[in-house]
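Report on one structure; see the data block that follows.
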Amino acid sequence: MTDLARSTSALHAPAQAGGAAASAALPTIPPAHTGPLLMGLGLATGMEFYTFDSMNLVLPDLTGSLGVSGDEASWLLTLYSCALFLGVPVSVWLAGHVGYRRFLLATIVAFAGTSMGVALSPGFETMLVWRALQGLAAAGLVVWWRASIYVLMPKPQRSASLMRVSTVLYLSSAAGLLASGYITDHYDWRLIFLPNLVYAGAALWLIARYFPVMPPASSQRVVQTDWPGIALLAIALISLQVILNRGEIDGWFGSPHLRTLAFAGAAAFVLFVAWQGSPANRSPLMCIDLLRDRHVLSSAVLGVFTGMILSGSVFVLPEFLRNLAANTYSATQTGQIMCVYALSAAAMRPLIVPLITRVGQRRTIAIALVMLIASMVVFHRLLTTGTPGPYFVLPLVLYAACLSPLLPAVGSGTVARIEQNRLLDGVSLYMTFRQFGASLGVALLTILITHRETLHSSRLADHVRMDRDVTRDWLATLGATLTGNGGYTSFDSSRAAVRMLAEETAHQAATLAYADAFAFMAAVGVLTLCVLPLVPPTPVAAPPLTPLTPLTPVPKKPS
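For what it's worth, this note's numbering labels the leading residue of the sequence shown as 1, then goes sequentially.
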């Protein structure tokens, strides 16, 4: 029997209670099919990476064409994240329920179809519905590219397989940043979704041709449906997501509907945990008992911080470049700056497998976090309204040096080391906590920026009071310039000078708040270093031993 046959036989051997695998052995994958299969998985998930970065980049353009405020447009991201958050823990169950290959093909079609729905939406409300459906489809893609490798590949081939797909994903992010910016500036933002049809067509052909037909799962928790668990989880996650995204805007628990959501979400979460561990529930949606395993617990804790790092580290940079920089950048220019991190991560990713083998997972994670802290500190120090775009290359490359080793080291050092027959359940827990961290990171940064902007505005206002000589001299000089060169009357030039001072003060306050956001992410990196000892130590590859030269016996002297 080949290594792959042995691996898949072990994976689908009768599992412990709650195991999600089937009991039949899977067909082996010929070596010639491995490359096309991995490319299909990369293109399928790359479609989501392309769309995610594209939407973040062109969000300011959507607000203008749809006639909505920035606050309203943020719901396009909120609903997508909320649906993705809900879909992650359901994906493993649903794939086992309908079949892995069929599930992958269906999610590819669903994501491409909902992308066209977003592009063709006649109004904002219709687009919100399509974005929610798109998030549900995206959950299957972001979970199952990794889960498919764990299911189909023997352990010796997993690291290299994950590396090849990850490289495609980083290149897809770069493509989204470059293509969507150009398309938006020269044509129309609705056309940025057309490349998804190319991604989907190629992924469907490759997966339909090379993904093996796997036997149906026989586990009771997959064959049967935990409808109460799904309902309780949906209430808890949706309530949490809405509170995190709307709390600062609606006044947190001063808002009656947020208080209602908080009560409903907390009650649903408690009932969900109790129901998942109840003996009466013979088909639990999630195996939360796996959190007793140190590998799974460490993956859950690190997953939260990893999600915050992924979502928050460069979350504010596109908005700053497009709205606050002195030389406001177009979508094309912003995409060109942002793609530095994606291209750098793609170039570094093939080097990570030997690095992890040489120094171990925990040390690799520590190195990645040091790179994150360095990147965020440089961003914090460099960020001004007049900072030239090329100055951001260094911190973006440092961020790529964090991103490319962090994800594989966290995965291989934690969840990938649990028992084979419970591996998919471990992946489900890890990805759920990671998506929670992603939502938490964006919410905390939004809250931080709002509070810090208010604080900086107050401090700057104290420095530019009208009774200060420096302020009066600056306004007089600017007013004289406007009168002499701008054709203003004396009265109008004074009003214009005061208005320009207020606008400059607001820009400086916002810039300082965005710089504080990078300092916050550096603090997240430090905190993650503190919880790193939770990860079990892993052996590193020992250097080959030099064979010893046999000793020649020394003859005894005659007595």
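Ideal placement from N, C-alpha and C gives every residue a C-beta, glycine not left out.
| Check | Outcome |
| --- | --- |
| Status (buried if at least 16 other CB within 10 Å, exposed otherwise) for ARG422 | buried |
| Cβ neighbours of SER412 in the same chain (closer than 7 Å, five flanking residues each side left out) | SER159, ILE356, GLN361 |
| Start-to-end residues for the alpha helix (DSSP H) that takes in MET116 | 100 to 119 |
| Chain-order list of residues whose beta-carbon lies under 7 Å from that of TYR580 (same chain, five-residue window excluded) | This structure cannot speak to residue 580, because the chain is shown only from 1 to 559. |
| Continuous alpha helix (DSSP H) stretch holding CYS339: start and end | 331 to 348 |
| Contact belief for ALA346 with LEU171 at Cβ below 8 Å, rounded distance in angstroms | 5 Å |
| Boundaries of the alpha helix (DSSP H) in which TYR182 is found, first to last residue | 155 to 186 |
| Element boundaries [alpha helix (DSSP H), containing ALA280] | Element bounds for ALA280: n/a, residue is neither H nor E. |
| Exposure label - LEU369; buried when at least 16 CB within 10 Å | buried |
| Terminal residues of the alpha helix (DSSP H) in which PRO195 lies | 195 to 210 |
| Segment limits, alpha helix (DSSP H) that includes THR364 | 361 to 382 |
| ALA325, DSSP secondary structure in three states | coil |
| Distance, TRP75 Cα to ASP425 Cα | 31 Å |
| LEU529 CB to nearest heavy atom of the ligand NAD below 7 Å | What this structure holds is no ligand at all, so the ligand NAD is not there to describe. |
| Pairwise C-alpha distance: HIS463 and THR505 | 10 Å |
| Distance, VAL142 Cα to PHE305 Cα | 18 Å |
| Local Cβ density within 10 Å of ALA22, reported as buried at 16 or more and exposed below that | Note that ALA22 scores a pLDDT of 38, beneath 50, so its modelled location is shaky; the value from the coordinates is reported in the next line. Buried, since its Cβ has 16 or more Cβ neighbours within 10 Å. |
| Opening and closing residue of the alpha helix (DSSP H) in which PRO537 lies | Where PRO537 is concerned, there is no enclosing alpha helix (DSSP H), given that its DSSP letter is neither H nor E. |
| Three-state secondary structure (DSSP) of ALA24 | Confidence at ALA24 is low in this model, with a pLDDT of 44, below 50, so the placement of that residue should be treated as unreliable; the coordinate-derived value is given next. ALA24: coil per DSSP, three-state reduction. |
| At least 3 beta-carbon pairs within less than 8 Å: the region 163 to 181 vs the region 129 to 139 | no |
| 8 Å Cβ shell around LEU440 - same chain, five flanking residues per side excluded | LEU244, VAL304, GLY307, MET308 |
| Selection from GLY254, ARG259, ALA236 that minimises the alpha carbon distance to VAL273 | ALA236 |
| Whole-number beta carbon distance between MET163 and VAL397, since they are thought to touch under 8 Å | That belief does not hold up - the Cβ atoms of VAL397 and MET163 are roughly 19 Å apart, past 8 Å. |
| The region 91 to 105 / the region 252 to 271 touching (three or more Cβ pairs under 8 Å) | no |
| CB contact flag (TRP144, SER81, <8 Å) | no |
| Exposure label - HIS257; buried when at least 16 CB within 10 Å | exposed |
| Whole-angstrom C-beta distance between VAL213 and LEU38, which should lie under 8 Å | That belief does not hold up - the Cβ atoms of LEU38 and VAL213 are roughly 18 Å apart, past 8 Å. |
| Reduced DSSP secondary structure (H/G/I, E/B, other) of GLY386 | coil |
| Whether HIS380 touches ALA519 by CB criterion (8 Å) | yes |
| The region 115 to 128 contacting the region 185 to 200, beta-carbon criterion three pairs below 8 Å | yes |
| Closest by C-alpha distance to CYS530, when choosing among ALA366, THR511, SER458 | ALA366 |
| CB of MET348 within 8 Å of CB of LEU317, strictly | no |
| Spatially closest choice to THR364 from SER404, SER299, ILE373, by CA coordinates | SER404 |
| Endpoints, the alpha helix (DSSP H) within which ARG146 is located | 124 to 152 |
| 7 Å CB neighbourhood of ALA409 in its chain, flanking five on each side removed | ILE356, GLN361, THR364, ILE365, ALA368 |
| GLY64, enclosing alpha helix (DSSP H) - first and last residue | 31 to 66 |
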